[in-house]
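Engineer: Below: one structure in C-alpha cells.
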Ligand SMILES: Cc1cc2nc3c(=O)[nH]c(=O)nc-3n(C[C@H](O)[C@H](O)[C@H](O)COP(=O)(O)OP(=O)(O)OC[C@H]3O[C@@H](n4cnc5c(N)ncnc54)[C@H](O)[C@@H]3O)c2cc1C
Ligand code: FES
Ligand code: FES
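Chains as they are written, first to last, in our numbering: chain A, 3 to 163; chain B, 234 to 1031; chain C, 171 to 471.
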C-alpha cells in the first residue's frame, strides 16, 4: 500500500506516493530524481547516502521515507547558491578531496552539518566525525584538509556577518 | 639536492633535477611563453558536477519503460544443480521473465581478454550456472521485473534443487575436480633465468620462508551497474555503465552475441572507483544486453553491496614458499619460489595474468643473477579472483622484501645495507630482467634505485627516526619502522590513439579510447594537450569511454592511461599545432617560425599584438572555407603512440607502526612514500593517487580480508565485516615525488603513478611490526589482524 | 538489499502505540525507534516484519531526567530516566553532574558513528540486545530497571531478567520498552570504561565497565561488567569478589582482570578464538579498573 507523503527537499516541496519499505535514499533518488545522494551499502556503514534532516546528518538508507514526512531535508544539490559554490564544495575542489566523487556528497553533507553547529568541531571531533564515512579513493588526507579549510572560511564569514 | 616532500597540509612539490623545466619536451616552447600547465598542480576539470551532485553514475541513469534485473545466486559453495523452479516467482505481479542457463543456449562463456587458451578456456564462467554451482554467489537465474523491489521479492521465490559436492577452500590442498576430467589446477607458471642449482651450491647460506597474502580486493564505493538498451530502429545495442576497457569489451561482447562491433556501443558513465575490478565483463553485463534485445525494453541492473562482496572479482590470495641463496657479503645469488595462487571458482577475463605478473615482477629491483619460480594456478570454491590495483606486485613485494629482511636478520646487518648491496645500479640501466611475462619482455627502462633509497632516508632523517623509536621502545612502547623497495610497471602498450579537434570558438576536444575510473584522467589529458597546443587546459574537453566516438581504445588499466593516452595526445596536439601554425602563417602573411600559440591565440613571437584566435584559424580550415586552399580540411588531427614495452617506475615505502601488546592492534603512525614517476604531469593528482593507494594498502595489510569458513561460506559479505579503512586508520601520508629517471620510451618521459601507493605497503608494515614487537621475521601472513598479532606475541611469551 | 513489504503505523500517543502494537504483534509487528539496527537487518531480509509501529512521533517518550527512585531498599536515591526516543546523541554532553553523566558521554562516543548516533536510541539498543552493545553493558553493570508497557499493563524488569541471550530479551511482542531507569551512583563512586574494536565505531570485540567506591583506602561495592564476549552482558562475580575490600594496586588490578578473563565463556565465533577473547577481557577489565581509579576515570578523586 502506498502512502501519500510530502518531503521538503532543499526548500522544494515534493508530493509523492511511496510504499513504506522505500528508504529516504530510494525516494530522494528515484521519486524526486535527486541522484546526487548516493547509495554505497544500504546498511548504514559507508555514509555515501548522508543527508541533513532537520539539521542533523543522517544515513538516508536507514530511514524510511514515510518517516521523513514533514521534515526539512537537505541534499548536495542544495549546497550551491546558483553558480556560487558552497565553501565546502570549493574547498573539496581546491584540495583535491575527491577522485571518483562517489563518496563526496556524503562527506559534504556530513561536513556541512558539522560546520553549521553553533560550536564548530575542534580537530579531534572533526577527525572522529569524519571517520563516519568511507572513501575508497583519496586516503582521506585531502578530505580532512578541505573540511578544515572550509571551516576557516565559514567561520571567518560568519564572524564578519 | 634536498628532496621535497608533501606532508600533511602542503601542496606537493616535485623533486626535479636542477635545470629541468616543467614544460613539455618536444614543443620547443620558448620560456617567454606562459608556462604550460604540464607539471602543475591545477585543479581538476572533473570536479564541478561531482561536488554539485550532478554527476551520473550507473544507478543514476534510468530509461523510460525500463525493467530491473535481479540475480538468483547460489547459496552454497559447490553443488550439482539439478533444477530451478521459477513458477512462484513468475506468478508475482510485475515479473516479466525468469531466465536460467536453458535460456542461454548458444551464448558462450565470458572469454579471456587476451584471446583463447586451450588450458584455461574449459574453466571459464558461464553466464548462468549450467549443471554445477561453484561458489556462494554464482549466478543461477535472472529475474526481470518492472520494479527493483518486485524483482528482489521474486528472486527469493525461485527455488533451486542442489546436491552438495565436496568444497575446496585451500589452494595448497590436494587438487579437486572442477568438472569430470578437469582438475582444479588449469595451469602452472614457470619462469626463471640463471643457474639456480649452481647458485645454491655455492651459497654461503640459504634462507627459506613460507609467506601468505590474504584475499582482499578493490571494493570501489560504487557497486557495479549495467543498463542495456536496444534501439531496434537503428539496430544498435547499448551498454551503459561500462568502465576500464570499453573498446575491448565491445569487441568481446560483439563476438559473444554475434554482432558487428559497429552495432554495439559501450558508454562509460561516472565511475565510482575501479581499482582493477570494475569494467571487466561479468555475467550481468551480458544478461542486460540479451534481455534488452529479447524483452524489447531497457534493462537495468545495479549490484547491491552484499552481491558486490561475494561476486565482484577478489584478489591477492597467494601462499609462497621461497628460498634464497646468499653469498657471504650479502649478495643474493638466487631466489627460488614456489607459490599457490587461489583463483577462486572460475577463470575470469584476466586468465592467469595476476599469477604470471607475480612471477615476473617478484625479483624487483635487485640484481639477482639467478631466479626460478613455479606458480600453481588453482581453483577453489570461492569468489573468482582477478586484478586489484598493483596486481602481483603487492603480493610479490611482500614476499621479496620479507625475504630480504630475513637475510639481513640472519646476517645481523642493517636491512637497508643489504638492499644497497643488491639494488640494480643506475649504470646498469636499461636492465633486462631476463623474464618474459604474458605482457612483456621485462626491461627496466631507467632508474636510480640507490639514489631514491638515499633520498628517502635523508628526507626522513633516518638516524633520528631510529633514535626516536629506540627511545620510545626503551619507555616500553612497541613501535617500529619498516622499509620496502619495489619496481612498478606501467604504460602497457602496444598502441593508443586520440583525435583532437579545435572548433570555431577555439574550444578543443580530445576524443580518446582511454577511460576514466576517477583518477583525474580528463585533467591530465587536458593538461598535456593544452601545454603542447598552447591553450588553457580549461578550454579542453576530453571525451572518453564511448565506443561510438572512436574506433579503438586501450582504456584505463595497468597504469596505461597517462603514459599511453598522454603520449598519443601529445603527438596529436603537435600535429594540430603544426596545422594551426601553417594556416595562421598564411593568414598573417608571415613565416611559421615566427609564430607561437599562447593561451589559445596564434601570436608573432616578440609581438604584443592580439594575434589570431585559434577558433578563427579553425574557421579558416573549414571544408567550405576558401582560405584553406589545398590544406586538409579541419583543425583536427589524430595522434598515435606505440611502444614496444612498458616503463618501470620505482619506489620506496616506509611505515612506522605502533602495536598494542594487550589487544594485538597495530596502528600505522606514519607512512612515507618516495616514488620516481619519470615526469609528473600534475603532482597534486600523483600525490592523490599515492595517498589513496597507501590507504588501500593499509587496508590489505591490517584490516581487509575475504575470509571463508570450511564450507566455503563467505564471512565478509557486509561492510561491517569487510573492514575498509576509515580516516581514523590512515596516518598523514607523506609523499616525495622525484623525477630523476624520465622514461626514455615516451616523448614526455612519464611513467604511471596509479599503483605507487599500494605496492610496498604490506611489506613495509610487516617489517615495522616485527621491529615494534622485537621479533624479526614474525609476520609471515597478511593481513596482520589483532588475532594473528596476538598469537605472535603469545608464541614469544610462551 | 531491499526490505520486504510491510505496513507502517505512526501513532501519536503511547496508548495508540500500544493498541496498534497489540493488534499487529501476531503478524511480526515491530517497533521502529532509531531504525539504526532494524533497517539494516530488514535490508538483508534477516527480519521480515509485517508491520512497523514508529514511535518517533509519540509524545512524551523523549524524557531524559533524574527522578527519585521508586524502589524501596535501593542504595541509589534517584534514577536517570531515559525514555524510548532518547537518542545516543543526547549523551554527547554530560546529562548529569557527578560520575554518571561523563561516563555516559564517554560510552556514547564509542557507539557507531556521529550520524548513526543522531537517530539510534538508548532503549532501542537495549531492545535490540546486541551482545556488543555499550548501552546494554551500562544497563547490566549499573543495575538499570527496564519499564515495559503493553495494553495488558506495566512490568518492570531488572537488567539480568531483561537480557536473555544473543539479541534476545524478555520483551513480549506486544510490549514497548517505555524507559530505562539507571540508578544514579552517589558522588563517591568511580567509573571506568574500556572497549576494543577493530575500527573506530565498530561493534566492540570486548568491553568492560567498572564501578567502585573507595572507603578508607579500600575498594567497596565493586561492580565489574563485561560484554561483547558472551551472549549478553553480565557482572563477573569472581572478579568483584577478588577486588572487594582490597587496597587498589596495579598487581591487584591485574589479578582481578585475569580472574574476569578466566570466568568468561566466550561465544563461538569464526575467526575469534576464545583465547583471544579472554585476553581482550583481561586487558579491558584492567584498563577499566585503571581508568576508574586513575585520573581519567569518572567520579571522585
Ligand atoms: C554502522 C553501524 C555501527 C553501529 N555500531 C554500534 C556500536 O558500536 N554499538 C552499539 O551499541 N550499536 C551500534 N549500532 C547500532 C545502533 O546503536 C542502533 O541505534 C541500536 O542498536 C538500536 O537502536 P535504534 O533506536 O536504532 O533501534 P531500532 O533499529 O529502531 O530497533 C532495534 C530493535 O529494537 C526494537 N525496539 C526498538 N525500540 C524499542 C522499544 N522502545 N521497545 C521495544 N522494542 C524496541 C525494534 O523493534 C528492533 O527489533 C551500529 C549501527 C550501525 C548501522
Ligand atoms: S548507503 Fe547509507 S550508509 Fe552506505
Ligand atoms: S573519491 Fe572515490 S570513494 Fe571517495
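Positions of the beta carbon are idealized from the N, C-alpha and C atoms, including for glycine. Given the structure is predicted, the values throughout are model-derived calculations rather than measurements.
In terms of residues, what are the limits of the beta strand (DSSP E) holding residue 351 of chain C?
Structural biologist: 346 to 353
Engineer: For ligand 1, any of its heavy atoms closer than 7 Å to the Cβ of residue 368 of chain C?
Structural biologist: no
Engineer: Based on Cα-Cα distance, which residue from C:427, C:211, C:386, C:268 lies nearest to residue 405 of chain C?
Structural biologist: Out of C:427, C:211, C:386, C:268, C:427 has the C-alpha closest to the C-alpha of residue 405 of chain C.
Engineer: Consider the Cβ of residue 4 of chain A: report whether some Cβ of chain B lies at a distance smaller than 8 Å.
Structural biologist: At a cut-off of 8 Å between beta carbons, residue 4 of chain A makes no contact with chain B.
Engineer: Across which residues does DSSP place residue 904 of chain B in a beta bridge pair?
Structural biologist: B:888, B:966
Engineer: Spatial neighbours of residue 227 of chain C within its chain, please: CB distance less than 8 Å, with the 5 preceding and 5 following residues excluded, ordered by chain position.
Structural biologist: 180, 181, 182
Engineer: With respect to the alpha helix (DSSP H) encompassing residue 533 of chain B, which residues constitute its N-terminal and C-terminal limits?
Structural biologist: From DSSP, residue 533 of chain B is part of no alpha helix (DSSP H) but of the beta strand (DSSP E) over 532 to 535.
Engineer: Is residue 442 of chain C close to chain B? Criterion is C-beta to C-beta, closer than 8 Å.
Structural biologist: yes
Engineer: Along chain C, which residues have their Cβ under 8 Å away from the Cβ of residue 22 of chain A?
Structural biologist: 175, 176, 177, 178, 222
Engineer: Using the Cα positions of residue 9 of chain A and residue 949 of chain B, report the straight-line distance between them to the nearest angstrom.
Structural biologist: Going by C-alpha positions, residue 9 of chain A is about 36 Å away from residue 949 of chain B.
Engineer: For residue 430 of chain C, which residues of its own chain have a beta-carbon under 8 Å away from its beta-carbon, when the five flanking residues on both sides are left out?
Structural biologist: 378, 394, 396, 406, 408, 409, 451, 452, 455
Engineer: Quick one: Cα of residue 513 of chain B to Cα of residue 576 of chain B, how far?
Structural biologist: 16 Å
Engineer: Fully enclosed by the region 680 to 764 of chain B, which alpha helix (DSSP H) runs are 4 residues long or longer?
Structural biologist: 682 to 693, 695 to 707
Engineer: Given the structure, does residue 1021 of chain B come close to ligand 2, in the sense that its CB is under 7 Å from one of the ligand's heavy atoms?
Structural biologist: no
Engineer: On a CA-only basis, which of C:382, C:206, C:225 is nearest residue 128 of chain C? Give me that one, please.
Structural biologist: Outside the shown range of chain C, which is 171 to 471, sits residue 128 of chain C, and nothing can be said about it.
Engineer: Give the secondary structure of residue 585 of chain B by DSSP, where H, G and I count as helix, E and B as strand, and everything else as coil.
Structural biologist: coil
Engineer: Once DSSP output is grouped into helix, strand and coil, what is the label at residue 516 of chain B?
Structural biologist: helix
Engineer: Could you tell me the distance, in whole angstroms, from the CA atom of residue 304 of chain C to the CA atom of residue 40 of chain A?
Structural biologist: Rounded to the nearest angstrom, the two C-alpha atoms are 30 Å apart.
Engineer: What would DSSP say about residue 984 of chain B, mapped onto helix, strand or coil?
Structural biologist: coil
Engineer: In whole angstroms, what separates the C-alpha of residue 926 of chain B from that of residue 505 of chain B?
Structural biologist: 15 Å
Engineer: Buried or exposed: where does residue 917 of chain B fall if 16 or more other Cβ atoms within 10 Å of its Cβ makes it buried?
Structural biologist: buried
Engineer: Could you tell me whether the region 96 to 110 of chain A touches the region 744 to 754 of chain B, using the rule of 3 or more Cβ pairs below 8 Å?
Structural biologist: yes
Engineer: Is it the case that the Cβ atoms of residue 152 of chain A and residue 90 of chain A are separated by a distance below 8 Å?
Structural biologist: yes
Engineer: Quick one, are the C-beta atoms of residue 720 of chain B and residue 594 of chain B less than 8 Å apart?
Structural biologist: yes
Engineer: Give me whichever residues DSSP pairs with residue 137 of chain A in a beta bridge.
Structural biologist: Beta-bridge pairing links residue 137 of chain A to no other residue.
Engineer: Does the region 427 to 443 of chain B come into contact with the region 368 to 381 of chain B, if we say contact requires no fewer than three beta-carbon pairs (one atom in each stretch) closer than 8 Å?
Structural biologist: A contact between stretches requires three or more CB pairs, one per stretch, nearer than 8 Å, and the region 427 to 443 of chain B fails this requirement with the region 368 to 381 of chain B.
Engineer: Assuming residue 601 of chain B and residue 129 of chain A make a contact with CB atoms under 8 Å, what is their CB distance in whole Å?
Structural biologist: Here residue 601 of chain B is actually not in contact with residue 129 of chain A; their C-beta atoms are around 43 Å apart, not less than 8 Å.
Engineer: Quick one: which residues of the region 79 to 90 of chain A get their C-beta closer than 9 Å to a C-beta of chain B? List them in chain order.
Structural biologist: Cβ proximity to chain B below 9 Å picks out 79, 80, 81, 82, 87, 88, 90 from the region 79 to 90 of chain A.
Engineer: Please list the partners that residue 302 of chain C has in chain A, where partner means a Cβ-to-Cβ separation under 8 Å.
Structural biologist: Neighbours of residue 302 of chain C on chain A: none; closest Cβ ~15 Å, over 8 Å.
Engineer: Taking Cβ positions only, does residue 209 of chain C come closer than 8 Å to chain A?
Structural biologist: yes
Engineer: Give me the residue from B:270, B:996, B:859, B:666 with the minimum Cα distance to residue 599 of chain B.
Structural biologist: B:666
Engineer: Would you tell me roughly how many angstroms separate the C-alpha atoms of residue 923 of chain B and residue 551 of chain B, rounded to the nearest one?
Structural biologist: In a straight line, the C-alpha of residue 923 of chain B is about 24 Å away from that of residue 551 of chain B.
Engineer: Got a sec, what are the start and stop residues for the alpha helix (DSSP H) residue 295 of chain C sits in?
Structural biologist: Per DSSP, residue 295 of chain C is one residue of the alpha helix (DSSP H) stretching across 292 to 298.
Engineer: For residue 478 of chain C, return the contacting residues in chain B, with the cut-off set at a CB-CB distance below 9 Å.
Structural biologist: For residue 478 of chain C there is no data in the structure shown, the boundaries of chain C being 171 and 471.
Engineer: Can you give the Cα-Cα distance for residue 604 of chain B and residue 883 of chain B, rounded to whole angstroms?
Structural biologist: 20 Å
Engineer: Give the residues whose C-beta lies closer than 7 Å to at least one heavy atom of ligand 2, in chain order.
Structural biologist: A:27, A:41, A:42, A:43, A:44, A:45, A:46, A:47, A:48, A:49, A:50, A:51, A:61, A:62, A:63, A:64
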